[in-house]
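Below you'll find the structure, written out as structure tokens, and then a few comments.
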Amino acid sequence: MTGWEQLAVLGTGLAAGVLTSTVGVASLLSFPVLLAVGLPPVVANASNTVGLVPAGLSGSFGYRQELREHPRATVLVLLTCAAGSVGGAFLLLALPPGVFEAVVPWLILLSCLLVGAQPWISRWLRRTRNEPTRLRHDMSPATVVFAVLTGAYGGYFGAGSGVMMAAVLGLGTDFPVRIVNALKTLAVLAANVVATIIFVVVADLDWLAIGLLAAGSVVGGYVGARLGRKMPPTVFRVLVVIAGVGTAVFMLF
């Protein structure tokens, strides 16, 4: 990489860190930049995952107050997404590139639809429950299953995994947006950490790109957490839908 390309990757890491802790589509920005500076797709994907781990760490630290409020959900999100990520990381290494290209954009678009419609869906779900006024602060078995699947997708590719987790948590629980943002950031971290352990052992990585992404993303992740905890619910949903649709369109075309 030239000096200007290195600077571009560093700046991309900063912006991707902010996206990790807010709308959850960091790879939409960072993955194409790594391709643009000459990394092969699989190397770029694996290096991108490793380079964004510091964003998840600093973002989760920024959300530490929110994560302490619901320790049971925090532990469940951590474990389910880490477990799912193991399978996703091995799929990335075992399957030919592009296997999920026809399916993933539509999954992201569905997640965007669910996030956008979440207030209406949640009200309908509350009316159908025996205890419509009781808030759901525990993850149901179905929510846990979808969290594992989201973790698997995060380990495989990751673009839009934060949007998917926001949809899972938004429909499966009654947490406020700041808690969803915190848990979503932790989910991305869990998936990336497990995938990183696997990639470091068996994958080809570009350590210069990883170092530059990491240096920028560790700052961006914390800044994003400060923004995300103050973000109004409507603004959060609008930004998630816009970012998710952008991700899907990018992957389709």
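For the sequence shown, the working numbering begins at 1410 and goes up steadily by one. Beta carbons: idealized from backbone N, C-alpha and C, even for Gly.
query: Inter-residue Cα distance where the pair is Ala-1652 and Val-1434; result: 7 Å
query: As assigned by DSSP and simplified to three states, the class of Pro-1450; result: helix
query: Through-space distance from Thr-1431 to Gly-1525, alpha-carbon basis; result: 15 Å
query: Coil, strand or helix - Arg-1545 by DSSP; result: coil
query: Opening and closing residue of the alpha helix (DSSP H) in which Val-1434 lies; result: First-last for Val-1434: undefined, no H or E at that position.
query: Residues near Gln-1415 by beta carbon distance below 7 Å, same chain, minus five either side; result: Leu-1621
query: Burial state of Gly-1412 (16 or more Cβ within 10 Å); result: exposed
query: Rounded Cβ spacing between Gly-1655 and Leu-1437 (contact assumed at less than 8 Å); result: 6 Å
query: DSSP-derived helix/strand/coil call for Leu-1614; result: coil
query: Closest Cα partner of Ala-1453 within the set Gly-1579, Leu-1501 and Met-1573; result: Leu-1501
query: Simplified DSSP state of Leu-1648, which is helix, strand or coil; result: helix
query: Exposure of Ala-1445, with buried meaning 16 or more beta-carbon neighbours within 10 Å; result: exposed
query: Three-state secondary structure (DSSP) of Phe-1555; result: helix
query: Coarse secondary structure for Leu-1504, derived from DSSP in three states; result: coil
query: The stretch 1466-1486 / the stretch 1582-1598 touching (three or more Cβ pairs under 8 Å); result: yes
query: Collapsed DSSP secondary structure at Arg-1638 in the structure displayed; result: coil
query: Euclidean distance between Cα positions of Val-1418 and Gly-1629; result: 13 Å
query: Proximity to Leu-1476 [Cα-Cα], best of His-1546, Pro-1641 and Pro-1449; result: His-1546
query: Own chain partners of Tyr-1565 with C-beta closer than 6 Å, once the 5 adjacent residues on each side are dropped; result: Gly-1497, Leu-1500 and Leu-1501
query: Whole-number beta carbon distance between Ser-1570 and Pro-1463, since they are thought to touch under 8 Å; result: That belief does not hold up - the Cβ atoms of Pro-1463 and Ser-1570 are roughly 17 Å apart, past 8 Å.
query: Alpha-carbon spacing of Ser-1439 relative to Trp-1529, whole angstroms; result: 33 Å
query: C-alpha distance - Leu-1661 paired with Met-1574, whole-angstrom precision; result: 21 Å
query: Expected contact under 8 Å - CB spacing of Thr-1429 and Gly-1460 to nearest Å; result: The Cβ separation is near 11 Å, so there is no contact.
query: Residue from Ala-1612, Val-1557, Ala-1551 and Pro-1642 with nearest C-alpha to Ala-1599; result: Val-1557
query: From Leu-1448, Glu-1478 and Ala-1623, residue whose alpha carbon lies closest to that of Asn-1601; result: Ala-1623
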